[in-house]
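Note that the numbering used here has the sequence shown beginning at 1, numbered continuously upward. Quick reminder that beta carbons are idealized off the backbone N, C-alpha and C, glycines included.
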Amino acid sequence: MAWLLALLLAAAEPAAPPPGGYAVVRKDGSVTWLLEAPVQKGTSWVGKLSPGGQLVSFPAAEVDVERTREANRKAPATPTPGVVPFEKKAPRKPTPTPAKKLRKSREEAEKALSALSGEPGGGAASQKSGPRPQEPSLREAAPVEPPETFEPTDRNGRGEEWWRDRAERVRQRLREAERELADAQVAAASWDRNPEVWGTEYWAMELSRLRTRVEKARIQVDEARRRRSDLEEDARKAGAWPGWLR
Numbered sequence: 001m002a003w004l005l006a007l008l009l010a011a012a013e014p015a016a017p018p019p020g021g022y023a024v025v026r027k028d029g030s031v032t033w034l035l036e037a038p039v040q041k042g043t044s045w046v047g048k049l050s051p052g053g054q055l056v057s058f059p060a061a062e063v064d065v066e067r068t069r070e071a072n073r074k075a076p077a078t079p080t081p082g083v084v085p086f087e088k089k090a091p092r093k094p095t096p097t098p099a100k101k102l103r104k105s106r107e108e109a110e111k112a113l114s115a116l117s118g119e120p121g122g123g124a125a126s127q128k129s130g131p132r133p134q135e136p137s138l139r140e141a142a143p144v145e146p147p148e149t150f151e152p153t154d155r156n157g158r159g160e161e162w163w164r165d166r167a168e169r170v171r172q173r174l175r176e177a178e179r180e181l182a183d184a185q186v187a188a189a190s191w192d193r194n195p196e197v198w199g200t201e202y203w204a205m206e207l208s209r210l211r212t213r214v215e216k217a218r219i220q221v222d223e224a225r226r227r228r229s230d231l232e233e234d235a236r237k238a239g240a241w242p243g244w245l246r
């Protein structure tokens, strides 16, 4: 039983990621390898498969965050054993060079320096009166380019914004139809219980009109719901992400 328990524990832990890879552990125990850490967009994680680099996404609710963080934790580097020298020798001290006596006077040295530089009356005085040399400026750091981002699309090249706009129009039409149905039902029920005109010919004609309004509103609601189902089916066939329709 001990070896069986050890085997099960080893299978439950994700394998060590390849060099430069990133492991995403899901709550069901499955592991997806990516080239680098994914980016969270809304309720989904987006990344590139390793190897290959195909763009993939998966719901963030399915990711086991703690196990994913543990799987990608870097192991401490193993220190390389050093070489112990057999003998430690003291550093050699440089032999001091005896100072030589200057044969030329200071004025002769200044004249020679002036002749080399081409400036009359050069020397220490001219150097002191001249402008200070400009200090070299620090090299400007090269601008860091932002990382390249990939906008996911469906099989037809349409992105998240296109699908969200279409889904919002369908939802808006459904909300309006449901609101009209609710208003028509309230109006019909209220008129049906009107004691002042109940049983009269006018009451019957108005009640018939209100019930017709209720039936038309119910047809509009059914039509709006059918359009929502068609949109979900179109998104599934096109390969759009389910989160784009919410």
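- Beta-bridge partners assigned by DSSP to Y22: L34.
- The alpha-carbon of V63 is positioned some 27 Å away from that of R158.
- Collapsing the DSSP output to three states places W244 in a helix.
- Just so you know, the alpha carbons of A217 and R69 end up roughly 53 Å apart.
- Taking 7 Å as the cut-off, the Cβ atoms of A189 and V221 do not count as close.
- For S190, the uninterrupted alpha helix (DSSP H) run begins and ends at 160–192, by DSSP.
- Each of T153, A224, V197 was checked against the Cα of Q172, and the nearest Cα belongs to A224.
- Residue pairing by DSSP puts T153 in a beta bridge opposite G159.
- As a beta-bridge residue in DSSP terms, W45 pairs with Q40, F58.
- Annotation: P242 to A60 spans about 13 Å, alpha carbon to alpha carbon.
- For W203, the enclosing alpha helix (DSSP H) has its first and last residue at 201–238.
- Contact between the region 226–246 and the region 159–166 is established, with three or more Cβ pairs separated by less than 8 Å.
- Take R226, set aside five residues on each side of it, and no residue of its chain has a beta-carbon closer than 7 Å to its own.
- Short of 8 Å from the beta carbon of W203, and not among the five residues preceding or following it, lie these beta carbons of its own chain, in chain order: W191, N194, V197.
- Close CB contacts of E206 within its chain, under the 7 Å cut and outside five residues either way in sequence, are with W191 (chain order).
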